[in-house]
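Numbering (the working numbering), first residue to last: 5 to 99.
Built from N, CA and C at the ideal position, the CB exists for glycine as well.
Here the structure is a predicted model, which means the values were calculated and not measured.
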Amino acid sequence: MRDIEKLIDGATTAMREKLEENSHKPGWQGLSIQELIRLSDLETIELKMAVYVFERYLCDRDKAIKEIRRECADRMNFDAMLIQKCDSIIEEMER
């Protein structure tokens with residue numbers, strides 16, 4: 005059986021760490037759905053590169069797996085921003 009709480013807790017922790025690390029950057033509320041998808045796509049490329057480095061032993065494996073975790077969190081944050089944007093549009097449409 006899947007441990008949904010452990011899955012959500014781990015993801016939330018990683019996402020929060022990346023959001024705090026990037027807290028100096030401007031907010032996302034003004035970004036369009038297309039802009040958020042583009043940013044998520046860029047993070048996917050960075051994630052794939054991190055996996056490539058890990059799988060090919062191109063650097064310290066501990067450092068490489070931590071980078072995969074960071075890039076996952078980055079992508080998840082943009083996807084969460086997309087969800088928030090969609091929720092906002094849905095709320096407006098339902099008024």
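- Burial is judged here by how many other beta carbons sit within 10 angstroms of a residue's own beta carbon; Met85 has at least 16 and is buried.
- In the structure shown, Lys22 falls within a helical segment according to DSSP collapsed to helix, strand and coil.
- Spanning the alpha carbons of Glu98 and Asp91 requires a straight line of approximately 11 Å.
- Non-local beta-carbon contacts of Tyr56 in its own chain, meaning distances under 8 Å to residues more than five positions away in sequence, involve Leu62 in chain order.
- With contacts defined by Cβ atoms closer than 8 Å, Lys89 and Ile41 do not form a contacting pair.
- Scanning the stretch 19-88 from its first residue to its last, the whole alpha helix (DSSP H) runs of 4-plus residues come out as 37-59.
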